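Peer 1: In full-length UniProt numbering, the protein residues as written are 1 to 111.
Quick one: the structure is below, and I'll ask about it shortly.
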């Protein structure tokens, strides 16, 4: 299996894992969004917490130019750490939620 196909499988499994955790509060469902053709992967929370509507991303990952871009991480355990543990190389992970000029100060790829 080539590296990109392997990364896609790791991300897919990670998304399904995060989507399997239901929030304790409210009537909120989790939804895994996987678009392997466009390399877009996301976990959404959708529902109600009392009178408050909940609809938003919990995890958003894209593959751009053979790098794994973490666009949003709303988890209690960092997505980057889970990706590293699963075997994705540190130099192939971009913390896209940081401004470009600050990425150089992380231990991850700049772009």
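Just so it is clear, CB atoms sit at the ideal spot from N, CA and C, and this is done for glycine as well.
Fair warning: this is a prediction, and the values are worked out from it, not measured in the lab.
1. If you pair each beta-carbon of the region 21-31 with each one of the region 4-11, do three or more pairs fall below 8 Å?
2. Taking the alpha carbon of residue 91 as the reference point, which residue from 99, 77, 106 and 100 has its own alpha carbon closest?
3. Look at the Cβ atom of residue 46, then the Cβ atom of residue 59, and state whether they are nearer than 8 Å.
4. Under a three-way DSSP split, which group does residue 10 fall into?
5. Could you tell me which uninterrupted alpha helix (DSSP H) segments, each at least 4 residues in length, are contained entirely in the region 47-111, listed from first to last along the chain?
Peer 2: Once the coordinates are examined:
1. no
2. Measuring from the Cα of residue 91, the nearest candidate turns out to be 106.
3. No; because the gap between Cβ atoms is not below 8 Å, this pair is not in contact.
4. Reduced to three states, the DSSP call for residue 10 is helix.
5. 79-86
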